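As given, the protein sequences belong to chains A and B, one line each in that order.
Residue numbering for the first sequence follows our numbering, starting at 8 and increasing by one per position.
Residue numbering for the second sequence follows our numbering, starting at 8 and increasing by one per position.
Protein chains: 2
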Amino acid sequence: MRGRTPSSGASPWADIPMGGRAPLAGRVPVDDRTGHRTVPDTPRRADRLPATRYGNRPTMKDVAARAGVGLKTVSRVVNGEPGVTPETERRVQEAIEALGFRRNDSARVLRKGRTASIGLVLEDLADPFYGPLSRSVEEVARAHGALLINGSSAEDPDREQELVLALCARRVDGLVVIPAGDDHRYLEPELRAGVATVFVDRPAGGIDADVVLSDNYGGARDGVAHLIAHGHRRIGFIGDMPRIHTSAERLRGYRAAMEDASIPVKDSWISLGATDPERVRRAAEEMLSDTDPVTAVFAGNNRVTVTVIRVLAAHARPVALVGFDDIELADLLQPGVTVVAQDAAALGRTAAERLFRQLDGSLVTPERIELPTRLITRGSGELPPAD
Amino acid sequence: MRGRTPSSGASPWADIPMGGRAPLAGRVPVDDRTGHRTVPDTPRRADRLPATRYGNRPTMKDVAARAGVGLKTVSRVVNGEPGVTPETERRVQEAIEALGFRRNDSARVLRKGRTASIGLVLEDLADPFYGPLSRSVEEVARAHGALLINGSSAEDPDREQELVLALCARRVDGLVVIPAGDDHRYLEPELRAGVATVFVDRPAGGIDADVVLSDNYGGARDGVAHLIAHGHRRIGFIGDMPRIHTSAERLRGYRAAMEDASIPVKDSWISLGATDPERVRRAAEEMLSDTDPVTAVFAGNNRVTVTVIRVLAAHARPVALVGFDDIELADLLQPGVTVVAQDAAALGRTAAERLFRQLDGSLVTPERIELPTRLITRGSGELPPAD
DNA sequence: CCCGCTTCTGACAACGTTGTCCAGGCTCTA
DNA sequence: TAGAGCCTGGACAACGTTGTCAGAAGCGGG
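Written as structure tokens, this is what we have:
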């Protein structure tokens, strides 16, 4: 009992009743799944259905049979290849329409060797920083006729690798990765096989690949220098885990600015690993209630900034604030929030464009590209120290 | 030379589904990249490779040859099937490692009929409302071992269809669609073929399918009633294009609330089609400077709300505001922004869960699910009318 | 030493598409 | 009208994987 007999003349889909969703019900051996049939030696994972396929979809063969033409002729019509009479083409189109045929791209990929899809692995799609980035990657992909598959690593190196390998198994033509881990040697076979790869926001570890970054170090340094220029000397830094490259770079920028101004940094002014709001809140409150309290805070990313704003809003004494990453409505708060803005869309666009340039062969040598940041003054960073 | 067509005016690469240039034209130079570093382990394929292939990836056959076992044994090891001696398994694993083999899921899909991937078509990934939604869909997909492919329709029905069909061509197991258009009969063949389908945020048109919605009507009605309860009678409504279901429903809610309070609505209080900030701004300014100016505004979605906040901030007389959709930092503004919040993550989660229940056969009858909204009072909606 | 049994292994045929190549039928010229 | 050329259409073999099924190897009992 094979799925179908192609020689049965009329295609089996020609007379499927409309509106029924019958294929859904029968395509899983529900009896086996519920399991009250105790058959011990039957392996559970055995799909006993002849076809584990979901529904039966018409193939080019079916279309050909219905249109009364050869298989390859259908292929030609579907792909807009020349060499088909208008009349023949019409008949084929009609059959396609009638059967609801859709080309199976898996088979196509298998034959042609490319998928016209690229993968994007980022940290969290829900983060307002990654939304625009993802969107801009998608736009570039679309302009090149490719689809975007994406996944969130949730800052977990194992999950990153798992995702990347899943994408590679699907034979994406290229990968845009925002690394969670710091060892990417597992990608060596893919690079050898010609999978275009660009890392964004953070550099790759252990392999030589394209990287597109923001100037985290310079941005943070400028932001902190800005606070110093407004008279602050006791400046706190609240950032993410230092194993994250961006986080480490921004801390480095903070230290550099302080050193440039010959201000010794107290350990209690620095808080790292602030991953959730509660920890950020505690960190902020601690450095504000220190015996030697900070008069300004530099927030290491958008999530930290938002939480710090909340803390400061509830704080009696005004405290200056500069945040890394722009946030929506920052201009409407009292005071407006001064930020070091990076251009997420530009990061994504640059990366994706490099990816496709790798793919069309016009790029060969991996490069490291650093995009500038921009200090946007809105008030909170210009508050004078209130000792 | 494979010069087969004299009419070679059209690029032979013009066969990518979504238009645009094929990315991989000159992929052969990839060999230059590894170039001098000859890869000793990778067996070279025959020279008669299809011109479109790029990079040689090892196949199970290669692994089998290297490990000195049969093809099927490799398959067994790769898929963790029982019946392989530890010793054999070790040899195979070693070969896999050495060659950097990755199973080709396209071939697997072709054989098995399912892709373990689902498609998500939404309006704009960069919109803060869709980020969390997308993320929650991804989480559910991940829990079911599926990958997420997504695309942005940019509110364009043609693009929606193009994306959906591209996903179907890739044989996604299921589709989560946030409709841009209002006619989805093109999906009939897919439904018949058993592609699980759930519409979110807006209903499908012309077909019978699962839908998960927010209670747009009720939410808007409650929000407007809230303004009325605080003494307002001249209330403006600024919304998106009325052809969008959510937009129309919210307008309906507005009208219902006004009618419940027996307040006749002036045409000049209603502005639709406000898609970009500039138009929202003009619309808001007009209804504020009317001879009979509104004392409160109901904003039809998050983008409108943000712009209206800006306009009101620059406005002398205090004006009450309730917005549909919650926005970040809304609580920190002066006054805090009162909103009708919908739970984007819950929408996505509910939809994705239904999708997988369709797939495992436990759901057959399409349903319409409506999730409640929540009025969050923060100040702006409780301002008294200032005539 | 053979038989039956279990356990492990491999040959082979799909899956649906596209590239190659050849067979007819047609038009156009001599 | 025949032969040369051009169209158009179709048969067939890949692509890399998995399900089927039969064969091989190991092993104990008669």
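C-beta atoms are modelled at their ideal positions from N, C-alpha and C, and glycine is treated no differently.
Remember, it's a predicted structure, so these values are computed and weren't measured experimentally.
- Task: Would you mind sorting Leu127 of chain A into buried or exposed? The rule is 16 or more other CB atoms within 10 Å of its CB.
- Result: buried
- Task: For my contact list, Phe331 of chain A and Gly226 of chain A are in at a C-beta cut-off of 8 Å; report their separation, rounded to the angstrom.
- Result: 7 Å
- Item | Reduced DSSP category for Arg40 of chain A - H, G, I as helix; E, B as strand; rest coil | With a pLDDT of 27 at Arg40 of chain A, under the threshold of 50, the predicted position of this residue should be treated as unreliable, though the coordinate-derived value follows. Of the three classes helix, strand and coil, the one that applies to Arg40 of chain A here is helix, per DSSP.
- Query: Looking only at C-alpha atoms, which of B:Thr282, B:Ala321 and B:Gly243 sits nearest to Asp297 of chain B?
  - Reply: B:Gly243
- Report all residues from its chain with a CB closer than 6 Å to the CB of Arg364 of chain A; omit the five preceding and five following residues, and keep chain order. Leu370
- Query: Which residues in chain B sit within 7 Å of Ser5 of chain A, going by Cβ to Cβ distance?
  - Reply: Coverage of chain A is limited to positions 8 through 394, which leaves residue 5 of chain A absent and any answer about it impossible.
- Taking the beta strand (DSSP E) that Val329 of chain A falls in, what are its first and last residues? Ala327 to Phe331
- Message: Against chain B, with Cβ distances strictly below 8 Å, would Leu182 of chain A count as a contact?
- Response: no
- Can you find a CB in chain B that lies within less than 8 Å of the CB of Ser141 of chain A? yes
- Below 6 Å CB to CB, which residues in the same chain sit around Arg361 of chain B once its five sequence neighbours on both sides are set aside? Val205 and Asp217
- Message: Could you check whether Asp229 of chain A and Val315 of chain A sit closer than 8 Å to each other, using their CB atoms as the reference points?
- Response: no
- Message: Can you tell me whether Met265 of chain A sits near the ligand NAD, meaning its C-beta is under 7 Å from at least one heavy atom of the ligand?
- Response: Questions concerning the ligand NAD fall outside what the structure shown contains, since it holds no ligand whatsoever.
- How long is the line joining the alpha carbons of Thr384 of chain B and Asp350 of chain B, rounded to whole angstroms? 16 Å
- By Cβ distance, which residues of its chain are closer than 6 Å to Glu377 of chain B, with the 5 residues on each side in sequence left out? Leu220 and Asp222
- Query: Leaving out five residues before and five after Ala153 of chain B in sequence, what residues of the same chain have Cβ atoms less than 6 Å from its Cβ?
  - Reply: Ala123, Ser124 and Ile125
- Query: In terms of alpha-carbon separation, which member of B:Ala327, B:Val147, B:Asp134 and B:Leu295 lies closest to Ser143 of chain A?
  - Reply: B:Asp134
- Thr253 of chain B versus Arg375 of chain B: straight-line alpha-carbon distance, rounded: 15 Å
- Query: If we ignore side chains and look at the alpha-carbon of each, how far apart do Pro271 of chain B and Val287 of chain A end up?
  - Reply: 50 Å
- Task: Round the Cβ separation of Arg110 of chain B and Val85 of chain B to the nearest angstrom and send it over; I've been treating them as touching at under 8 Å.
- Result: 6 Å
- Query: In chain A, which residues lie with their C-beta within 8 Å of the C-beta of Arg110 of chain B?
  - Reply: Ala176
- Task: Take the Cβ of Ser269 of chain B as the centre, count every other Cβ of all protein chains shown within 10 Å, and call the residue buried at 16 or more, exposed below.
- Result: exposed
- Query: Between Ser159 of chain A and chain B, is there a C-beta pair that is closer than 8 Å?
  - Reply: yes
- Item | Classification of Ala320 of chain A by the beta-carbon crowding that lies within 10 angstroms, buried from 16 upward | exposed
- Message: I'd like the span of the alpha helix (DSSP H) that includes Glu335 of chain A, first residue to last.
- Response: Run containing Glu335 of chain A: none; DSSP gives neither H nor E here.
- Query: Does Glu4 of chain A get closer than 8 Å to chain B when you measure Cβ to Cβ?
  - Reply: As displayed, chain A neither begins before 8 nor continues past 394, which places residue 4 of chain A out of reach and without an answer.
- Item | Alpha carbon of Leu106 of chain B to alpha carbon of Thr66 of chain A, nearest angstrom | 35 Å
- Query: Near Glu292 of chain B, which residues of its chain fall below 7 Å by C-beta distance, leaving aside the five closest residues on each side in sequence?
  - Reply: Val318
- Task: Figure out for me which residue from A:Ala187, A:Leu170 and A:Ala203 has the closest Cα to the Cα of Leu366 of chain A.
- Result: A:Ala203
- Message: Less than 8 Å between the C-beta atoms of Ala71 of chain A and Arg98 of chain A, yes or no?
- Response: no
- Along the beta strand (DSSP E) that carries Ser369 of chain B, what are the first and last residues, could you check? No beta strand (DSSP E) holds Ser369 of chain B; DSSP gives it neither H nor E.
- Query: Can you find a C-beta in chain B that's less than 8 Å from the C-beta of Ala320 of chain A?
  - Reply: yes
- Message: Can you tell me whether Ile383 of chain A is helix, strand or coil according to DSSP?
- Response: strand
- Message: Between the alpha carbons of Ile214 of chain B and Asn157 of chain B, how many angstroms are there, rounded?
- Response: 22 Å
- Task: Confirm, please, whether the CB-CB distance from Ser387 of chain A to Leu328 of chain A is below 8 Å.
- Result: yes
- Buried or exposed: where does Asp190 of chain A fall if 16 or more other Cβ atoms within 10 Å of its Cβ makes it buried? exposed
- Leaving out five residues on either side along the sequence, give the residues of the same chain with a beta carbon under 8 Å from the beta carbon of Gly26 of chain B. The predicted model places Gly26 of chain B with a pLDDT of 31, which falls under 50 and marks its position as unreliable; any figure quoted below should be read in that light. Closer than 8 Å at the Cβ level, and outside the excluded window around Gly26 of chain B, lies no residue.
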